[in-house]
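So the structure is just underneath, and the comments pick up after that.
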Amino acid sequence: MSSPDSSTSKPRVLLFGAGSIGTVYLYLLSKVATVTAVCRSNYDVVKEKGFIINSAIFGDDIHFQPAVVRNCTEAATSSSEPFDYIVVCSKVFPNTIPDIIKPAVTPNHTTIVLIQNGIGIEDEYVEAFPTNPIISTVVYMPVAQRPAGVITHGDIELLEVGNYPSTSNSPQAANFTKLIESAGGTAKLYDDIQFKRWFKVILNVAWNPVCALSLSTDVDFMLSSPNATDFVLDVMLEVADVAAAYGHQFSKEDVQFQLDRAKVRIQSKKGIEPSMLQDVKEGRKMEVEAIVGNVLKKAKAKGVRCDRVATIYFLANALDAHVNPRDS
Ligand SMILES: NC(=O)c1ccc[n+]([C@@H]2O[C@H](COP(=O)([O-])OP(=O)(O)OC[C@H]3O[C@@H](n4cnc5c(N)ncnc54)[C@H](OP(=O)(O)O)[C@@H]3O)[C@@H](O)[C@H]2O)c1
Numbered sequence: 001m002s003s004p005d006s007s008t009s010k011p012r013v014l015l016f017g018a019g020s021i022g023t024v025y026l027y028l029l030s031k032v033a034t035v036t037a038v039c040r041s042n043y044d045v046v047k048e049k050g051f052i053i054n055s056a057i058f059g060d061d062i063h064f065q066p067a068v069v070r071n072c073t074e075a076a077t078s079s080s081e082p083f084d085y086i087v088v089c090s091k092v093f094p095n096t097i098p099d100i101i102k103p104a105v106t107p108n109h110t111t112i113v114l115i116q117n118g119i120g121i122e123d124e125y126v127e128a129f130p131t132n133p134i135i136s137t138v139v140y141m142p143v144a145q146r147p148a149g150v151i152t153h154g155d156i157e158l159l160e161v162g163n164y165p166s167t168s169n170s171p172q173a174a175n176f177t178k179l180i181e182s183a184g185g186t187a188k189l190y191d192d193i194q195f196k197r198w199f200k201v202i203l204n205v206a207w208n209p210v211c212a213l214s215l216s217t218d219v220d221f222m223l224s225s226p227n228a229t230d231f232v233l234d235v236m237l238e239v240a241d242v243a244a245a246y247g248h249q250f251s252k253e254d255v256q257f258q259l260d261r262a263k264v265r266i267q268s269k270k271g272i273e274p275s276m277l278q279d280v281k282e283g284r285k286m287e288v289e290a291i292v293g294n295v296l297k298k299a300k301a302k303g304v305r306c307d308r309v310a311t312i313y314f315l316a317n318a319l320d321a322h323v324n325p326r327d328s
């Protein structure tokens with residue numbers, strides 16, 4: 001039966017993690033869905049003025065004012081109907097988020113969409129929400145929030161989407177892919193999204209900690225010594241070995257392709273600052289476990305030796321603890 005209010009037939013989306021990535025997706029989704037954002041440090045400014053998005057793809061000076069709440073409990077109580085999707089775009093810090101989002105997740109209903117980096121990040125959601133569909137994604141989108149509420153997006157925008165686990169026959173990954181496309185975004189559906197996750201993590205394990213540890217952009221690192229680029233390639237190849245142990249085969253050319261994404265920038269000398277470098281500079285916690293630690297754990301479980309990844313992990317972890325002293 002159709003509703004007299006067409007807005008009630010739109011999917012209801014809650015964003016958890018209203019930072020750089022999440023805001024761009026919420027803006028897109030606002031064209032086709034009823035959207036709410038859980039905001040933390042940017043709550044006051046977004047509540048008062050909304051977001052401003054400057055995007056090389058979607059346009060400059062876009063003013064976007066979603067409904068905002070301070071947390072998932074407020075989101076759940078402010079809404080008479082369940083959320084169809086909760087889109088999780090916070091940084092990945094293991095074993096923290098499921099408890100926080102729980103009040104807004106309706107069992108057997110809400111689809112949980114993870115738009116986050118890393119590998120092996122989904123299982124804690126399966127454990128916490130055994131009756132909810134889970135979508136795992138890989139995002140290519142250079143974007144930053146600075147100052148609070150102001151989002152700057154570069155010229156890449158791609159969301160790769162799949163069910164988790166990949167053997168699930170849920171229609172939700174296909175539905176979410178269509179939703180993003182209908183909103184004007186670029187989304188591609190994959191039967192095996194883990195293959196795509198491994199491909200991205202090859203990139204992230206190498207560049208994120210290397211740039212953070214050296215306080216260098218990717219280009220500055222490559223130019224810092226004659227064999228610096230070879231070192232990055234060797235790190236990437238170690239990650240590819242781990243992926244292979246899990247049935248995801250990448251050729252040396254595939255890995256070289258990931259390295260070439262950065263090498264093309266050498267000529268212009270315009271390097272990029274991967275998120276861990278930005279985090280260190282701004283005194284924020286880095287996603288060391290989700291991106292590097294989980295690869296190392298998976299390597300250990302299959303007996304794959306990756307000495308460079310291990311070295312990077314211990315150094316990055318120590319840097320993270322130095323920048324963000326842990327409690328006690
Ligand atoms: N940015 C990129 O270019 C990019 C590209 C590809 C992939 N990614 C991946 O995308 C994911 C999101 O990255 P991002 O750059 O968008 O991160 P971000 O800008 O730091 O945004 C994360 C947001 O989550 C919020 N948050 C964290 N914990 C919260 C809590 N308990 N309650 C409410 N809000 C909370 C943060 O609030 P506060 O401000 O209060 O901390 C922040 O607004 C990461 O996995 C990242 O690796 C990022």
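For the record, in the sequence shown the residue sitting at position 278 is 278 according to full-length UniProt numbering, with numbers rising by one throughout.
Note that CB positions come from ideal geometry on N, CA and C, so glycine has one too.
Assigned secondary structure, residue i (DSSP; H/G/I helix, E/B strand, else coil)
i, result
"residue 163", "strand"
"residue 260", "helix"
"residue 210", "helix"
"residue 24", "helix"
"residue 177", "helix"
"residue 85", "strand"
"residue 187", "strand"
"residue 95", "coil"
"residue 297", "helix"
"residue 182", "helix"
"residue 204", "helix"
Residue i at chain D interface by Cβ criterion, 8 Å
i, result
"residue 253", "Among the protein chains of the structure shown there is no chain D, as only one such chain exists."
Rounded separation between residue i and residue j - CA only
i, j, result
"residue 65", "residue 25", "13 Å"
"residue 3", "residue 310", "Unreliable positioning characterises residue 3 in this predicted model, as indicated by a pLDDT of 39, which lies under 50. A coordinate reading is not provided."
"residue 83", "residue 110", "6 Å"
"residue 221", "residue 207", "9 Å"
"residue 93", "residue 290", "7 Å"
"residue 71", "residue 245", "40 Å"
"residue 55", "residue 151", "8 Å"
"residue 27", "residue 67", "11 Å"
"residue 127", "residue 292", "22 Å"
"residue 321", "residue 143", "25 Å"
Residue range of the beta strand (DSSP E) that includes residue i
i, result
"residue 12", "12 to 16"
Enclosing alpha helix (DSSP H) for residue i [first to last residue]
i, result
"residue 320", "307 to 323"
"residue 77", "72 to 77"
"residue 231", "228 to 245"
"residue 276", "275 to 281"
Cβ distance (whole Å) where residue i is taken to contact residue j below 8 Å
i, j, result
"residue 193", "residue 157", "About 18 Å separates the two Cβ atoms, so there is no contact after all."
"residue 135", "residue 163", "6 Å"
"residue 304", "residue 255", "That belief does not hold up - the Cβ atoms of residue 304 and residue 255 are roughly 15 Å apart, past 8 Å."
"residue 16", "residue 101", "5 Å"
> Whole alpha helix (DSSP H) runs in the segment 102 to 160 with 4 or more residues, listed along the chain?
Replying inline: With a minimum length of 4 residues, the continuous alpha helix (DSSP H) runs that stay inside the segment 102 to 160 are 123 to 128.
> Considering only residues of the segment 26 to 68, which uninterrupted beta strand (DSSP E) runs meet the minimum length of 3 residues and lie entirely inside it, listed in chain order?
Replying inline: For secondary structure counted as the beta strand (DSSP E) over 3 or more consecutive residues, the segment 26 to 68 holds these complete runs in sequence order: 34 to 38, 51 to 55 and 59 to 64.
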